[in-house]
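In the order they appear, the protein sequences are chains P and S.
Be aware that the first sequence starts at 1, since it is given in the numbering used here, and climbs by one per residue.
Be aware that the second sequence starts at 770, since it is given in the numbering used here, and climbs by one per residue.
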Amino acid sequence: MASPSRPRQRIKVTPASTVVNYEQDDDDHVHATYQSPNSRSAFEQVLDTPRASAAMVGVLTAIAFALRFYKINQPDQVVFDEVHFGKFASFYITREYYFDVHPPFAKLLFGFAGWFVGFDGHFTFENIGDSYTDNHVPYVGMRALPAILGSLTIPVVYAIMKETGYSTIIAAFSACIILFDNAHIAQSRLILLDATLIFFMSLTIYSYVRFRKLRYWEFTVEWWSWLIATGFFMACTWGAKVNGILTVATIGIAVLVDLWDILDHKKGFTMEHFWKHFMARAVGLIVVPFIIYLSFFYVHFAVLTRSGTGDTFMSPAFQETLIGNELLMNSQELRYFDVVTMKHKDTKVYLHSHPDRYPLQYDDGRISSQGQQVTGYGYDDVNNHWQIIPTKALPETGRGRVVRHEDVIQLLHVNTQTLLLTHDVASPLMPTNQEFTTWPKDDHSRHNDTLFYLNIIDAESDDPWKSKSSHFRLVHGPTRVSMWTHSKQLPEWAFKQQEINGNKNPTEKSATWFVDQVISTESPEGLSGEQVPKEPKKIGFFRKFAELQLLMLQHNAGLTSSHPYASGPINWPFLISGISFWTENDTQKQIYLIGNIVGWWTCVIALSIYVGIMGADLLARRRGIEPIPDAARGRLWNSAGFFLLIWAVHYLPFFIMNRQLFIHHYLPSHLASALLAGSVLSFILSDTVNYPISIVGRWTKLRKSEYADLGMKGPVVVGVFTFILFLMFLYMSPLTYGTPGLDGETVNAKRLLSSWTLHFAAKEIAEVS
Amino acid sequence: MAANVRVRRPATPPPGLPHVVPSSHKYPPTRQDHLSADERREAASKGYGPGRRSHSPGGLNITSGEWKLLAVVLLIAVGVRMFRISKPDSVVFDEVHFGKFAARYIKTRYFVDVHPPLAKLLITAAAFVSGFNGDFEFKEIGKVFENAPYVAMRMVPATFGVATVPIAYLTLRALDCRATTALLASIFLTFENGLVTQSRHILLDSPLVFFTALTVFFFVGFSNEDKKEPFTEQWWTWLTLTGLSLGAVVSCKWVGLFTIATVGVCTMLQLWLLLGDLRVSPRMWARHFFARAVCLILIPILFYMTMFQLHFLILGSSGEGDAFMSSEFRQTLGRGMEDTYADVALGSDITIRHLNTQGGYLHSHSHNYPGGSGQQQITLYPHRDDNNLWRVLNATVDSYEQYDYEHKPIVYIDHGSRIKLRHLVTDRALHSHEVRPPVSDVDFQNEVSAYGMPGFIGDINDDWIVEIEKGDRNDKESSKRLRTLRTHFKLRHLNTGCYLFSHKVKLPEWGFDQQEVTCNKNAVKANSLWYVETATKHPQLPADAPKVNYKIPGFLSKFWELQQVMWTTNAGLTDRHMYDSLPSTWPRLRRGINFWVKDHRQIYLIGNPFIWWLSTASVVTYMIVRGFLLLRAKRGYRDFDNTKVVKYDSLCGFLFVGYCMHYFPFFLMGRQLFLHHYFPALYFAILLSCAVFDLATSTLRPKIRLQIAAVLMMIAVVTYSKFSPLAYGNPWTKKKCTNARWVKTWDFACNEFFDEYSQYSGVSVPTLNRSTPMATIGGEPGGRAAIVVEDKLGQDGVVPPENEQGTAVPIGVPEPGRDVFAKDQQKEIKSQMRVLKDVPVVDVDKEISVVTFEPTSAAPEEQKGEVKLQAGDVGATGESEDQTRPEVIDILEKEIEGEDVDNYGKPHGPLDHEEAIADQVAHELYPEARDAE
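Put into structure tokens, the structure is as follows:
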């Protein structure tokens, strides 16, 4: 910027120590009646007593447990994603390494629950519909865990509303939307991660609300403990499922808004004060959660010490830390003149060659070198054998004969005695890539073209080349292409084998190969076959963590294949489609994940009302009209706005995700929309709010308080609504609990929207003309 | 107040502020010290303060000296843009597409492209005026032009490129920057290598950038007018021009939508501020609102649609774009379908088309599924063919009585009719059963096959129920019974309740890449709708029976259909290209695009690094300074009381919004992206850098400011000349090239150039890749494109090119961006080969088959007397017909063998025939090529 003409003056602000205002301007809109606690309706007063509130929450919790535990042993079969999460739990018990895109916290809990109820881990949850009782799996114990967490979500939701300053009846309303929701119930009765996610997410919100209410008691013990609690639960949410990162983002945004307010000079705080706040939040909401999150992985690695299904996802170095891993057992250093077979890491084909030649001209008119074909072949064959030929002088014996990183080598095809070669001729399928072929070993005219650099991935110079565990790229000396293959097949003339070509990117990630087998060797160890189990190696926790975290990210992005029950985010709030979790043909039983349509549509309506009110308010204020009393407006902006933020942050990012999406990804947002529905209902019923609700600080100038008064209409409206909600829940419950079985006609009747793909629907019997 | 700032020019209110009553303030401004601080701030933010003396149109105060200066700049720009525009005389990069499209326009052959037509129409106009006949095909990069007025065509983008320069000058002047600043911007734009390269070839980006610049200019002019007095004649003119120009941007490329977004955001801000101005009555506000809505929304839409109207008017005949359009649409493209009989009854021979995909007709051919039941394939096939013919037969529950449609009264197909569909050529019935289909192997899908054999009337799994979904509004009959073209229906399989279904999934090679047909239990309705396209004359129908044809769609439906095709294809452009790049690399200028390499010369799209990085730096500086100011404001510093800060804040803010709107949306796009997508954003960035320059030098004396500007311009010109050989395809030396490689990731091919300039002088420019067509087949007007057999062996393709020295990563060959619409053309594989001599496959272990039937038990030698084949004789349940069946088979086989002689090896269908001949010619010409195979 250009230099200012005159140093600008800071405005003098009254020091912070004296008075902190609640609101900037006075509120004259509220009728005097509401400002005295005594003039509220008697009913409202009774309801708002702690005892009534406790009774309410007790009843709700009891119902929640009843609904979630009702026939929890039904069905005694593997349902939907229990295939995965049940399996992962059993891996924790057998301590076999596995790989999953979700962080381990929720699965660790399942593993713990399984261990606690005496599950031995030998049932593998192979298919949906496998029987638990036949295999003696204590599945009820494992299902109890999400059921408990799901039930406990209800009092937390109630408490959030209560702490945010809504009356008992409104808090009960929000809780009921979750309590009688078929989707939440179906999801928390099975071995699935979402109940854990939602429970900890609601706890995070609760803690944050408590923390915010203490804002005039900054840096007290209570303030710190709610701050740390927020961070802790946030880490648990994130650790339960990868979607939990959205909760972290929500809190992050809320904190930024909060800090922005503290920065405002009109509040009169000094910069030191601001930095103090900033650092406190950095510790409580970044450092602490990160440590917690790391600790989940620490436990994860500490428990999973044996080789298992997840090995192949990991790098060789990682694999060698697992007991009984194949790499650990069979990896050996390679020496020159060893005969080996090589496999492509991604497509698992062998590097192969045979005497047949490339055709002179391809279909598109391009022309080949007519050299011997080099292809990728899926099966074991003597034509896969290649010998490693040195290009430098070697000692007679000893370590000098070991092949090392960045050595220049030739590869001799043993059967045809020809050397692997590539040159600037377009490959059969891709004009941009180089053709691979072979050349007689005695003909030295093309010597340079047969030279390849051995680039072992993540290796230091002089690291030896090992079978199995060294992933390498073979980079051609003169043209710097890397040997590469892709899943496209060559035509008939190459027996539909895979094309091998030279990729012009020498560091192409998918051009990774490894030595699968050593056919013959002169190594003193000989062909390692039956060796004593080796000690697993050790690598640092942080290296393991970084590797796993990266893989999880990549795989999460890679989940793009289609699934019959996947649905687009736009359908979710309206319950356009559900997920068929489980069916049983004999009894015509089925579990279909679908929400309570009354509750969900209420939430959608509430959302739109909220947006409408706030939009109208903004426009009106722009024109100098102030239609909403300040206290109510503040509540709508701050608390309901926070709920809207939670809803939006947990929902909107799905629109830009390309991965497979299911309706249960909306459940956290649905919870937020239930909270918002409570706020909106409260506003519709009355202009009054409980105000102020933050804990009054030492220097806070006291304002006149105000109390919410919904009168009789609150309980009546909520009562009627809850009744309808409950009826709808009952009506849909056979689909939620998977029992009893339904005949075709009933299924048709329960198919409220034609887009629900329920099973066993009755068919109309066609008239024959 | 900023009293001792040297104010050279009265500060103007920022664009985007509400209109202000023309102030009577004089320059120098009257002192406002009597106002309190808050009042002063308010006054400043409303644009009071030093007023202007008079108002010129659009706020442009340009002296006559400046006009002369501008003329000089324009001349320089012409020199830079058009220097040797005729070189190279061969096709460069995407000229492959856009040149070809011009040829298509001239030939009036229908094509589809992802870009709207305006820029292509302009290029075509130039080509047409210069006498291009559309014969040159623009086949590949490096092909030498023959009979194509490519210079005239290149002049179009070049002219737009030149015109961008004065527009930028005027825009900055209208934004109340100094003349020096505006001059700097125009010089920067003139010497930006990337913009120069892009505007010298037949590409769409240069018109796009021009219209973006024009829109910004008009909008700035409009905002200036709006601040002075709304609803004057001037005001309306500027507003309308903005709208027209917006229409032009979006008619060049869809990226123009970002320009619309920019103008939209600024307009919303204007309206928001107006709304807060309580002196503006709601009525007045509504006037403001509707004026903008009409001019900035309605006019662009009308303009855009007009362009498409022109597009449709010109492209009247069919071409390679047909395959992407619906049948109704194709009816407007010359080669339409003949009228067909409207009534469908038992016994009609019909072709059935899938409604939702362009997969084509329900088709079968005598090839079997390799997996599943192993029965004969059912597919969707896009071309007209005898194998698409099906006969509607009666199916009843009790006796399978065949309806004697030749003699008994006609029976129409109603809702709920139970029918069988008999494939005429192979004489098998459309069949489905509880077997998973080969590709969509999921448990709610059943395989659909053709099953049966001549004479065997089939089992209950051949029975389908017609469910009429909807008829045509104008044809009442059509919603009651099946009518050709007018009725959309579903076919429900009687036994399993699934619906005949198809989707955009191709069968593998064994299915000739045709589209899969299944029977789906959870069918999406849209994908299970079918209609009858043609029906042959039923024997019982009178000769004058009503005939129907596709309805000719109106402009709106054609327009809308094309938009959808463009949209889906645009979203599908996700393949990697050798020179594609990620948006995050653009501001750094990490890599360019190889446009053309030939004869030791290269054209490589790369920006002027100095200008490019300077502009990026100014964007970053703006963000940092603005963020800092924001924090300061929050902490109570009153920077925004300074009119200078306010002026530059709104000026830079406007340009920054433009930059963001033209840059960040690319991060959300999954499609293939190139460096040239950054150009509109670059335009804003360059203007922003000049605005920053204006601010930074605002306290300096004019002379010093001019000197600084001159130094900057010099650096820009020097950098430009350093890289100019890559822009013009001029001779260069290896050494200079290597020296110019400032960043490791710039991958222009230095090895292509000679070591010395002198080596260029001796070389006459050979035309290496030229291939002379040896024969041309087909290509009659209105038909399909000609097939050119080329002398491919004439090139030195057999010998691999000499090895390059050194181990540098070899650069890629220039290749054009992909034209998706060209891709599907080779896929027309016929399936006419007949394998009829096979023993009919009988599905023995099928559970549901009611009728079991053993064809092998029949003795074919007996009773050869009967020739008459009546379906009624053979139908029914298979108890009494054992005697008649064998000779039915026998005779049918004979008949088919007879046909075979004609058909074998001579597939019909319009294109296939030509291709076969082309193949033959090619093989005759190059026997050795064939031997090698």
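Note that the Cβ used here is the ideal one computed from N, Cα and C, for glycine as well.
All of these numbers come straight from a predicted model, not from anything done at the bench.
- In the DSSP assignment, P390 of chain P falls within the unbroken beta strand (DSSP E) covering 386-390.
- The C-alpha of H136 of chain P lies about 9 Å from the C-alpha of F119 of chain P.
- Straight-line measurement puts the Cα of G1128 of chain S at about 18 Å from the Cα of P1207 of chain S.
- In the structure shown, L259 of chain P falls within a helical segment according to DSSP collapsed to helix, strand and coil.
- Between the alpha carbons of V1394 of chain S and W1382 of chain S lies a distance of about 18 Å.
- Residue burial is scored here from C-beta neighbours: Q549 of chain P has fewer than 16 other C-beta atoms within 10 angstroms and is therefore classed as exposed.
- Chain S places no beta carbon closer than 8 Å to that of P653 of chain P, leaving this residue out of the contacts.
- Contact annotation, G558 of chain P with S174 of chain P: C-beta distance approximately 37 Å; criterion of less than 8 Å not satisfied.
- L1399 of chain S places its beta carbon 8 Å or farther from that of A1460 of chain S.
- The beta carbons of V481 of chain P and Q434 of chain P sit closer together than 8 Å.
- In this structure, the CA atom of F1058 of chain S is about 10 Å from the CA atom of L1065 of chain S.
- Contact between G595 of chain P and A183 of chain P holds, with the beta-carbon distance rounding to 4 Å and staying under 8 Å.
- In the DSSP assignment, Y610 of chain P falls within the unbroken alpha helix (DSSP H) covering 597-622.
- Within the stretch 626-657 of chain P, those residues whose Cβ lies closer than 9 Å to any Cβ of chain S are, in chain order, I656.
- Remark: three or more beta-carbon pairs, one from each stretch, lie closer than 8 Å, so the stretch 920-932 of chain S and the stretch 839-856 of chain S are flagged as touching.
- Cβ atoms of V402 of chain P and P464 of chain P come within 8 Å of each other, at about 5 Å.
- Closest option to K1245 of chain S, judged by alpha-carbon separation, among S:G903, S:L1008, S:L1013, S:D1112: S:D1112.
- For the stretch 1042-1067 of chain S, the beta-carbon criterion of a distance under 7 Å to any beta-carbon of chain P is satisfied by L1044, G1045, L1047.
- Using a CB distance cut-off of 8 Å, L1437 of chain S counts as an interface residue toward chain P.
- A Cβ-Cβ contact shorter than 8 Å links H405 of chain P with S461 of chain P.
- With the rule of 3 Cβ pairs closer than 8 Å, the stretch 1129-1137 of chain S does not count as touching the stretch 1312-1331 of chain S.
- With a contact defined as Cβ atoms closer than 8 Å, A89 of chain P and G114 of chain P qualify at about 5 Å.
- Look at E333 of chain P here: in three-state DSSP terms it is strand.
- Collapsing the DSSP output to three states places S1218 of chain S in a strand.
- Linking N325 of chain P to D516 of chain P through their CA atoms gives a straight-line distance of about 14 Å.
- Shown here, R40 of chain P sits in coil according to DSSP, grouped into three states, outside any helix or strand.
- In this structure, F980 of chain S and S1014 of chain S form a Cβ contact; the two beta carbons are roughly 6 Å apart against a cut-off of 8 Å.
- A Cβ-Cβ contact shorter than 8 Å links F1093 of chain S with V881 of chain S.
- With a cutoff of 8 Å on beta-carbon distance, V1180 of chain S and L1251 of chain S are scored as not near each other.
- Counting the other CB atoms within 10 Å of its CB gives D995 of chain S a total of 16 or more, which places it among the buried residues.
- For W1041 of chain S, the enclosing alpha helix (DSSP H) begins and ends at 1025-1045.
- Cβ contact annotation for F211 of chain P (same chain, cutoff 6 Å, sequence separation greater than five): W226, L227, T230, in chain order.
- Distance between I251 of chain P and A672 of chain P, taken at the CA atoms: about 13 Å.
- With its beta carbon at least 8 Å from every one in chain P, R1470 of chain S lies outside the interface.
- Unbroken alpha helix (DSSP H) stretches of 4 residues or longer found wholly inside the stretch 961-1027 of chain S: 962-968, 974-997, 1002-1021, given in chain order.
- Its Cα nearest to that of Y1428 of chain S, the residue S:V985 stands out among S:Y938, S:V985, S:G1439.
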